[in-house]
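Protein chains: 2
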Amino acid sequence: MPSLTEMSPEDSAQFGLQRPPALTVDVVIFSLALPEHNLNTLLIRRANDPFKGEWAIPGGFVNYNESLKTAATRELAEETGVRNVYLEQLYSFGNPNRDPRGHTVTVTYFALIPADSVQVIAGTDAAEAAWHSVYKPPPLAFDHARILQYALQRLRYKLEYTVAGFKLLPAEFTLTDLQTAYEIVLAEKLDKRNFRRRLFDGDVIEQTDRRREGGEGRPAMLYRYRADADPEVKARRLFP
Amino acid sequence: MPSLTEMSPEDSAQFGLQRPPALTVDVVIFSLALPEHNLNTLLIRRANDPFKGEWAIPGGFVNYNESLKTAATRELAEETGVRNVYLEQLYSFGNPNRDPRGHTVTVTYFALIPADSVQVIAGTDAAEAAWHSVYKPPPLAFDHARILQYALQRLRYKLEYTVAGFKLLPAEFTLTDLQTAYEIVLAEKLDKRNFRRRLFDGDVIEQTDRRREGGEGRPAMLYRYRADADPEVKARRLFP
DNA sequence: ACAAAAGTGTTGAGAGTACACCCATGC
DNA sequence: GCATGGGTGTACTCTCAACACTTTTGT
Chain S
198 MPSLTEMSPE
208 DSAQFGLQRP
218 PALTVDVVIF
228 SLALPEHNLN
238 TLLIRRANDP
248 FKGEWAIPGG
258 FVNYNESLKT
268 AATRELAEET
278 GVRNVYLEQL
288 YSFGNPNRDP
298 RGHTVTVTYF
308 ALIPADSVQV
318 IAGTDAAEAA
328 WHSVYKPPPL
338 AFDHARILQY
348 ALQRLRYKLE
358 YTVAGFKLLP
368 AEFTLTDLQT
378 AYEIVLAEKL
388 DKRNFRRRLF
398 DGDVIEQTDR
408 RREGGEGRPA
418 MLYRYRADAD
428 PEVKARRLFP
Chain P
198 MPSLTEMSPE
208 DSAQFGLQRP
218 PALTVDVVIF
228 SLALPEHNLN
238 TLLIRRANDP
248 FKGEWAIPGG
258 FVNYNESLKT
268 AATRELAEET
278 GVRNVYLEQL
288 YSFGNPNRDP
298 RGHTVTVTYF
308 ALIPADSVQV
318 IAGTDAAEAA
328 WHSVYKPPPL
338 AFDHARILQY
348 ALQRLRYKLE
358 YTVAGFKLLP
368 AEFTLTDLQT
378 AYEIVLAEKL
388 DKRNFRRRLF
398 DGDVIEQTDR
408 RREGGEGRPA
418 MLYRYRADAD
428 PEVKARRLFP
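Those sequence lines, one after another, are chains S and P.
Here the first sequence stands for residues 198 to 437, where the numbers follow the numbering used here.
Here the second sequence stands for residues 198 to 437, where the numbers follow the numbering used here.
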C-alpha cells in the first residue's frame with residue numbers, strides 16, 4: 198500500500214474524499230439434521246430491500262476499528278442469535294456488480310455447529326432466520342448461492358482430511374452418528390470398520406463410560422473429542 | 198448484509214456518513230533464482246511514510262467498481278512493471294492496528310512467475326522494486342512478514358499436491374530444473390526417479406524435440422506443460 | 001579417456017480397501 | 001426369542017520409498 202504522501206488521486210479517495218467499495222462480512226453456518234439425514238445452513242430472510250423476501254446468508258458491514266472475525270461474530274449474533282462458534286475465513290468476493298446497490302466487497306466465513314445446539318432467533322436486521330437444506334437451497338440474494346457452494350466444497354475438503362466432523366455433533370456422540378455426519382456431508386456411503394480404524398489411528402477421540410440409552414437395539418458407547426489432540430490438518434487424506 | 202432501509206447507525210456509516218475501514222490489495226510474487234538456489238519475492242521500498250525506507254509487499258487501494266483481482270493486477274503493474282501473471286487469492290487480513298495510520302483491510306494474492314521472465318521497474322508509487330530472498334527477507338512494513346510466511350506456506354502446500362511448480366520456470370524446461378524448483382521451495386531433497394515417475398503419472402507435461410545445449414555433461418531434453426492437461430488439484434499428495 | 005550431468009527399474013514395506021459375522025439390548 | 005442397531009479382524013492390492021548403474025555429450 199502506498200504511503201499517504203505518495204497517493205494517487207484514486208488512492209486518496211479511499212481515505213474519504215470519494216467513496217470506496219463498502220466492506221461486509223458474511224457467515225455460512227452449517228449444521229446437521231440427523232433424523233432427516235440432511236445438511237443445513239442458516240439463512241435470513243431480507244426485510245426491506247431490492248431483495249425483499251429473498252433468503253440470504255447472514256452478515257453485515259464491518260465497523261471501523263473492528264477486526265473481520267469480530268464483525269462476522271457480531272453480525273451472526275445480531276441476525277440469528279447464534280453465539281460462541283469458531284469461525285474460519287473462507288474467501289473474499291469483490292465483483293463490482295455482486296450487489297446492485299453499489300460496489301460491496303465481502304469477506305466470508307464459515308463455521309460448524311452441533312445439531313440442535315442453538316436456538317435461532319431473528320434479530321433486528323433480519324425479518325426471519327431459519328435452517329435450509331444445503332442440497333436444495335431456496336433462491337438466494339446477491340451471489341450468495343455461489344458463496345454457499347464454495348463453502349460446501351471447503352467443508353467437504355476439510356472433512357476428507359481431518360476429523361473436524363465432530364464439530365457438527367454434540368460434545369458426546371456415537372461413532373455411528375459421526376459416520377452418518379460424514380456420509381451426509383460427503384454424500385457418500387462409508388465402510389464402518391475402515392471409518393473406525395482411521396478414526397482411532399488419528400488418536401483424537403476417546404471413549405466415555407456412558408452409553409446412549411433409549412433407542413432400539415444395542416446401546417452405543419458415547420465418545421468425545423480429546424481436548425489434548427492435534428486439532429487440524431493431517432497431510433494425508435483420511436476419508437473416505 | 199442488511200438492506201439500506203434496515204441499517205443500524207453503524208451500518209449507514211459505511212455508505213459515507215462515517216469512514217469505513219480502508220480496503221487494499223497486496224500481491225506476493227514468487228520467483229526462483231536457480232543459479233543461487235534461492236526462492237525470491239518481489240518487494241518495494243516505501244518512499245515517504247511512517248515506514249519510509251522499509252520494504253513492503255506491493256499493493257494499494259481498491260477503486261470503486263474495480264474487482265479485487267483487477268485492483269491487484271493494476272497495483273502490481275504500477276508499482277513493479279510486472280504484467281500478465283495469474284493471481285490466486287490468499288487470505289484477507291483486517292486487524293484494526295495492522296496499519297498505524299488507520300484501520301485498513303487487505304485482500305492478499307499470490308502468483309508464481311518464471312525465473313528472469315520480467316524486467317522489474319520501480320513504478321510511481323514505490324521508490325524501488327527488487328527481488329529478495331524469501332528465506333532471509335529484510336524487515337518488512339505492516340504485518341507483511343506474516344503475509345509472506347502465509348504465502349510461502351500456501352505455495353508449499355500447492356507444490357506438494359500439484360505440478361504447479363512449472364509456473365516458476367520458462368515455458369520449456371528440463372526435468373532437473375523442475376526438480377530443483379521443487380527442492381528450493383520445499384527445502385528438501387527429492388529422489389530423481391520417484392520425482393519423474395510421479396510427474397509422468399500425472400500426465401501433465403510432454404517432451405519437446407529440443408534439448409538444452411551448451412552446459413557441461415549430457416544435454417537434457419526440454420519439456421513443456423501440456424495445454425490440455427487438468428490444471429489443478431490431485432486429491433493425493435504428489436511430492437515429496 | 002575422463003569429467004559431468006542425464007536418464008532409467010526393481011524390490012520390500014506399509015497403507016488402503018473390500019468384506020461378514022457375533023453381540024447386547026428392548027420388546 | 002426375535003428384531004434392531006453396535007461392534008469387531010483379516011487378506012489382498014496398490015502405492016510409496018529406497019536404492020545404483022549406464023548413457024551421452026564436451027574437452
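Backbone N, C-alpha and C fix where the C-beta goes; we use that ideal spot for every residue, glycine too.
Please list, in chain order, the residues of the stretch 256–282 of chain P that have any C-beta partner in chain S closer than 7 Å. Gly256, Gly257, Phe258, Val259, Asn260, Tyr261, Asn262, Glu263, Ser264, Leu265
### Task
Could you pull the start and end residues of the beta strand (DSSP E) that Asp223(S) belongs to?
219–230
So is Tyr288(P) in contact with chain S if we call contact Cβ pairs under 8 Å? yes
- Starting from His300(S), find everything on chain P with Cβ-Cβ shorter than 7 Å and list it in chain order. Tyr261, Asn262
(request) Can you tell me which of the three DSSP states Tyr420(S) falls into? (result) strand
Exercise. Opposite Gln404(P) in the DSSP bridges: which residues?
Worked result: Tyr420(P)
Hey, how far is the Cα of Asp388(P) from the Cα of Glu403(P)?
-> 20 Å
Measure from the C-beta of Asn391(S) to each C-beta in chain P and report whether the shortest distance is under 8 Å. no
Fill in: chain S residues whose Cβ lies nearer than 8 Å to that of Leu220(P)
Gln211, Pro217, Pro218, Leu220, Val302
Any beta carbon of chain P sitting closer than 8 Å to that of Asn237(S)? no
**Asked** If you drop the 5 nearest sequence neighbours on each side, which residues of the same chain put their C-beta closer than 7 Å to that of Leu231(P)?
**Response** Ala312, Asp374, Thr377
- prompt: Shortest alpha-carbon distance to Leu345(S) belongs to which of Phe392(S), Tyr288(S), Asp398(S), Arg395(S)?
  reply: Tyr288(S)
**Prompt:** Got a sec: is the Cβ-Cβ distance from Arg351(S) to anything in chain P below 8 Å?
**Reply:** no
| Ile241(P) bridges to which residues according to DSSP? | Ala253(P), Ala326(P)
- [ ] Label Ser330(S) either buried or exposed according to how many other C-beta atoms from any shown protein chain fall within 10 Å of its C-beta, with 16 as the threshold for buried.
- [x] exposed
request  = Just the C-alpha distance for Thr359(P) and Leu435(P), rounded to the nearest angstrom, thanks.
outcome  = 7 Å
- Complete beta strand (DSSP E) runs within the stretch 298–367 of chain S (minimum length 3 residues, chain order): 301–309, 325–330
Cα-Cα separation between Leu372(S) and Ala417(S), rounded to whole angstroms: 8 Å
Can you find a C-beta in chain S that's less than 8 Å from the C-beta of Gly399(P)? no
Practice prompt. Specify, as a first and last residue, the run of the beta strand (DSSP E) that Phe290(S) falls within.
Written response: 285–290
Against chain S, does Gly291(P) count as a neighbour if the rule is that its beta carbon must be under 8 Å from one of theirs? yes
query = How about Phe339(S) and Ala253(S): are their beta carbons less than 8 Å apart?
reply = yes
- Note down, in chain order, every chain P residue with its Cβ under 9 Å from the Cβ of Arg433(S). Arg433, Arg434
Margin query: Can you tell me whether Arg295(P) is helix, strand or coil according to DSSP?
Written below: coil
- Just reading off the alpha helix (DSSP H) that Val382(P) is part of, what are its end residues? 372–383
request  = Kindly give me the distance between the Cβ atoms of Gly250(S) and Asp223(S), rounded to whole angstroms, as I take these residues to be in contact under 8 Å.
outcome  = 19 Å between Cβ atoms; not a contact.
The alpha helix (DSSP H) with Arg393(S) in it runs from where to where?
-> 389–399
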